[in-house]
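Heads up: the structure comes next, in C-alpha cells.
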Amino acid sequence: MKNFLIPTTLEEDTISAVKSAINQARNTNCEIILMMVSDTPDTFSSSQFLREMRVSLTSSQEVVLETCRYIIEHTANCKIKIHNQYGLSAPIFKGIIEAFDVKLIVLTQSYKQETKRVHQYLMQLAGNQKCPILHLGNEQFKEDFNKALYIENAKGNMHVKDIQQYLSENFSFEIVSQTSNFDDNYEAFAPYLSEAITKYDIDLLVETRKSEKIKFKKNKKENSNDRLGLPVLSLYEELA
Numbered sequence: 003m004k005n006f007l008i009p010t011t012l013e014e015d016t017i018s019a020v021k022s023a024i025n026q027a028r029n030t031n032c033e034i035i036l037m038m039v040s041d042t043p044d045t046f047s048s049s050q051f052l053r054e055m056r057v058s059l060t061s062s063q064e065v066v067l068e069t070c071r072y073i074i075e076h077t078a079n080c081k082i083k084i085h086n087q088y089g090l091s092a093p094i095f096k097g098i099i100e101a102f103d104v105k106l107i108v109l110t111q112s113y114k115q116e117t118k119r120v121h122q123y124l125m126q127l128a129g130n131q132k133c134p135i136l137h138l139g140n141e142q143f144k145e146d147f148n149k150a151l152y153i154e155n156a157k158g159n160m161h162v163k164d165i166q167q168y169l170s171e172n173f174s175f176e177i178v179s180q181t182s183n184f185d186d187n188y189e190a191f192a193p194y195l196s197e198a199i200t201k202y203d204i205d206l207l208v209e210t211r212k213s214e215k216i217k218f219k220k221n222k223k224e225n226s227n228d229r230l231g232l233p234v235l236s237l238y239e240e241l242a
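Mapping to this note's numbering: the sequence shown position 206 is 208, numbers consecutive.
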C-alpha cells in the first residue's frame, strides 16, 4: 500500500497533487493524506484554545477540498484522510510520516510560496526526512512523468545505476540523461540543459539530498524546480 502526504493550504494546484499521487499509486491501494498545518493558538483559556482551533475554510478552499474528495472517492483503489495539525516540531513531523506510513511527500508550487513560518518550517523538516519528495512543476495539470534527467551531486556518493534501480522498484520513471550539479554555474549549463530536455522529451528531474540544519532565510535560494519549471523528485541519499 502506498500512502502519500500532501501538505496544503487548499490552493487549486492541490488538485494536481492529488492526481499525481493517484498516478504514482499505479492501481495499487493507497491513502492520500491532505495535511493542513497551523500554529498552536497562543492562549491560556481552554475555551478560547478550542475556538481558535476550529478550521474555517473559504469558499474557494471548500471547492478544492470537495473536488479532491470527489476524485479520490471515484478512484477504486484510493482513500482520503484530512489531517489538521496544530503546532509542529521535528519529532512530531517524523511521527506523522511514520504513523501514516508515508511513501511520498508531494509539494505544490503554491505551498512552497507560502510565507507563514509554520509552512516554511514544514518544508525544511520534510527535506530532512528519508521519505522521497516530489516537487511539482509549473505545469498545473501535468500529473504523470516518464523520462527523467538525473542531476548528479558532486558531494554525494550515489551512482546513477543505484538511483535507477531504486526508481524501477518504486516508481515508473526512467533516467534517460544525466548532468552534474549546476547550482553554481547555471547560466553556462542552461543551453545544454534545454537541449537535453527537448532532445529526450524530459518531464522530470531527479536529484539527491542530505540532511541540513534548519535555517530561516529572508532570501529564498532558487533551485532546479524554480529555474526549469519541471517537477523534481528529491531522494534522500541513504534511502536511494
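Built from N, CA and C at the ideal position, the CB exists for glycine as well.
Small disclaimer: the values here were computed from a predicted structure and weren't measured.
Pair within 8 Å by beta-carbon distance, residue 105 and residue 4: Working through the sequence shown from its first residue, we reach residue 105 at position 103. Working through the sequence shown from its first residue, we reach residue 4 at position 2. Between residue 105 and residue 4, the C-beta spacing is below 8 Å.
Identity of the residue in 121, 75, 27 and 77 nearest residue 218 by Cα: Against the sequence shown, residue 218 aligns to sequence position 216. The candidate whose alpha carbon is nearest that of residue 218 is 121.
When 133, 197 and 187 are compared against residue 269, the one with the closest alpha-carbon: Because residue 269 is not part of the residues shown, which for the chain are 3 to 242, the question remains open.
Beta carbon of residue 69 nearer than 8 Å to that of residue 17: Counting from 1 along the sequence shown, the entry for residue 69 is found at position 67. Counting from 1 along the sequence shown, the entry for residue 17 is found at position 15. Judged by beta-carbon spacing, residue 17 lies within the 8 Å limit of residue 69, meaning their Cβ atoms are closer than that value.
Distance between residue 91 and residue 41 (C-alpha atoms, nearest Å): As a working note, residue 41 is residue 39 in the sequence shown. As a working note, residue 91 is residue 89 in the sequence shown. Each residue's Cα considered, the two are about 11 Å apart.
Cβ neighbour criterion (16 or more within 10 Å) applied to residue 89: On the sequence shown, residue 89 is found 87 positions in, with the first residue counted as 1. It counts as exposed.
Straight-line gap, residue 87 to residue 191 (C-alpha atoms, nearest Å): To locate residue 87, count along the sequence shown from 1; it is residue 85. To locate residue 191, count along the sequence shown from 1; it is residue 189. Whole-angstrom Cα-Cα distance: 41 Å.
Nonlocal neighbours in the same chain, by C-beta distance under 8 Å from residue 79, ignoring five residues either side: Here residue 79 refers to the residue found at position 77 when the sequence shown is read from its first residue. Around residue 79: 27, 29, 30, 31 and 32.
Secondary structure, beta strand (DSSP E): runs of 3+ residues fully inside the segment 54–92: The beta strand (DSSP E) runs of length 3 or more contained entirely in the segment 54–92 are, from start to end of the chain, 80–88.
Residue environment, residue 115, which counts as buried when at least 16 other CB atoms sit within 10 Å: Along the sequence shown, one-based indexing puts residue 115 at 113. Counting other Cβ atoms within 10 Å of its Cβ, residue 115 stays below 16 and is therefore classed as exposed.
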